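Written below as structure tokens is the structure these notes are about.
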Amino acid sequence: MLDSNFNAKLGDFGLARLVDHGRGSWTTDVAGTQGYIDPESVVTGKASKESDVYSFGIVALEIACGRKPIDHRAPQDQVVMLEWVRELHGRGQVLEAADKRLGGHFEQREMKCLLIVGLWCAHSNVDRRPSSMRQAIQVLKFEVSLPVLLPLDMLGSSHYTLAENEATSSGSSDATDSTG
């Protein structure tokens, strides 16, 4: 999609919620590629604004990691990109998910931001995702603080919680800064 200045923009993933603010809203049936579809949409059979946020998160992770969301050629613990990045984040090694073809030549702050926003948008709890794409974009533009995602279980649980942009009791440092 192009904006009024012919700049390329990420747009409709084909699952967008259709809203006519004067007449209410309705959702489309779920259709899409495995790995990009919000698991909740699969259960409910409906797409929504929240499922588009999820899909955006997967695309953000795909860009950062340089791979597809499902890669059966990857090592077994890396087949599902989202679970792999969650595991790395839980170990304080989120930057290890960065596309290896970059050879480490990237701005760590920007890569970390993209990875964390991807995890935030694809949060397993719909209520913990950004409330809008605008909110996610503000973080990507460094207009607001990066959300702090805290793993509930350091053993690689797929369940995460969002701390409300507050420093943890250990100070303002964030364990996800570590690359190894």
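In terms of the UniProt record's numbering, the sequence shown has 174 at position 174, counting the first letter as 1, and numbering is strictly consecutive.
Backbone N, C-alpha and C define an ideal beta-carbon position, used for all residues, glycine too.
Note that the coordinates shown come from a computational prediction; the quantities given were computed from them, not determined experimentally.
{"query": "Please classify residue 68: does DSSP put it in a helix, a strand, or coil?", "result": "coil"}
{"query": "How would you write the range of the beta strand (DSSP E) that residue 149 sits in, first residue to last?", "result": "148–151"}
{"query": "With C-beta atoms as the reference, is residue 114 less than 8 Å away from residue 60?", "result": "yes"}
{"query": "Nearest to residue 92 by alpha carbon, out of 116, 140, 79?", "result": "116"}
{"query": "Provide the residue span of the alpha helix (DSSP H) that contains residue 39, from first to last.", "result": "39–44"}
{"query": "Please name the residue, chosen from 58, 88, 99, that lies closest to residue 34 on a Cα-to-Cα basis.", "result": "58"}
{"query": "Return the CA-CA distance between residue 150 and residue 129, expressed in angstroms with no decimal places.", "result": "13 Å"}
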